[in-house]
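Enquirer: Before we start, here is the structure in question, set down as structure tokens.
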Amino acid sequence: MISRFTTHRLLVFLLFTQCALAQEAGGVLYGTWTATAGPSQIFRGTWSAETSRRGPNQSQGSWTLVNDTGEVMLEGTWSARKTGLHWQGTWKARTAKGQSFSGSWEADLPESKDQTFALLLQRTVEKEVAGFWHS
Numbered sequence: 078m079i080s081r082f083t084t085h086r087l088l089v090f091l092l093f094t095q096c097a098l099a100q101e102a103g104g105v106l107y108g109t110w111t112a113t114a115g116p117s118q119i120f121r122g123t124w125s126a127e128t129s130r131r132g133p134n135q136s137q138g139s140w141t142l143v144n145d146t147g148e149v150m151l152e153g154t155w156s157a158r159k160t161g162l163h164w165q166g167t168w169k170a171r172t173a174k175g176q177s178f179s180g181s182w183e184a185d186l187p188e189s190k191d192q193t194f195a196l197l198l199q200r201t202v203e204k205e206v207a208g209f210w211h212s
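Below is the structure:
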């Protein structure tokens, strides 16, 4: 499964669930994610995101990729920044054996030019978000 992460470009559809936003300004969100690559590859894991009212167009956090039994196969960090309607970011991950991966991702959300990253994550509970993942 890990060797599949060397693919240079995959179209993924992300569905974030169980999003919990702290009640205060900014805060930490937690959830699970699912991504598909083609008709038969399904990936899933957990994520966290740290947001700030002072910097609503940027965020950072951590994520995991788990196998079918829930064992963590990859864990890492990510960052995101919004320019106009375009979100882009970077990610890094490491396996339990120490193998490293890194790449970038991007997503366009034409529905709202004022959307913050926290609202993007909350919205994914209602609707899938499509984007590209690069390694």
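Here our numbering is used: the first residue of the sequence shown is 78, the next is one more, and so on.
All residues carry an ideal CB built from backbone N, CA and C; glycine is no exception.
Using DSSP's beta-bridge definition, name the partner residues of Lys169.
Expert: Position 92 of the sequence shown, counting from 1, holds the residue named residue 169. Bridge partners of Lys169: Thr154, Ser179.
Enquirer: How many angstroms separate the CA atom of Trp140 from the CA atom of Asn134?
Expert: On the sequence shown, position 63 is the one that residue 140 refers to. On the sequence shown, position 57 is the one that residue 134 refers to. Near 19 Å, if we compare the C-alpha coordinates of Asn134 and Trp140.
Enquirer: Report the three-state DSSP secondary structure of Gln199 (helix, strand or coil).
Expert: Translated into the one-based positions of the sequence shown, residue 199 becomes position 122. In the structure shown, Gln199 sits in a helix (DSSP, three-state: H, G or I).
Enquirer: Specify whether the segment 160–177 and the segment 106–121 touch according to this definition: at least 3 beta carbon pairs, one from each stretch, less than 8 Å apart.
Expert: no
Enquirer: For a test of the three-state rule: what should DSSP assign to Phe194, helix, strand or coil?
Expert: Position 117 of the sequence shown, counting from 1, holds the residue named residue 194. Helix, per DSSP.
Enquirer: Pick from Ser156, Gly175, Glu183: whose alpha carbon is nearest that of Gln222?
Expert: The requested residue 222 is not part of the displayed model; the chain covers only 78 to 212.
Enquirer: How is Glu148 classed by DSSP in three states: helix, strand or coil?
Expert: Within the sequence shown, the letter at position 71 stands for residue 148. DSSP places Glu148 in coil when its eight states are reduced to three.
Enquirer: Considering only the alpha carbon of each residue, which of Trp110, Thr111, Ala195, Gln176 lies closest to Arg158?
Expert: Position 81 of the sequence shown holds residue 158. Checked all of Trp110, Thr111, Ala195, Gln176; the closest Cα to Arg158 is Ala195.
Enquirer: So, are the CB atoms of Leu198 and Ala126 less than 8 Å apart?
Expert: For the purposes of this step, residue 198 is identified with residue 121 of the sequence shown, where counting begins at 1. For the purposes of this step, residue 126 is identified with residue 49 of the sequence shown, where counting begins at 1. In this structure, Ala126 lies closer than 8 Å to Leu198 by Cβ.
Enquirer: Of all the options Met150, Thr123, Arg171, Ala173, which has the alpha carbon lying nearest to the alpha carbon of Trp110?
Expert: Your numbering for residue 110 matches position 33 in the sequence shown. If we check each option's Cα against that of Trp110, Thr123 comes out closest.
Enquirer: Can you tell me whether Ala184 is buried or exposed? The criterion is at least 16 other CB atoms within 10 Å of its CB, across all chains shown.
Expert: As a first step, residue 184 must be located in the sequence shown, where it is residue number 107. Per the 10 Å Cβ criterion, buried.
Enquirer: Could you please give the first and the last residue of the uninterrupted beta strand (DSSP E) stretch that includes Gly122?
Expert: In the sequence shown, the residue the question calls residue 122 occupies position 45. Looking at the DSSP string, the run of the beta strand (DSSP E) that includes Gly122 is 118–128.
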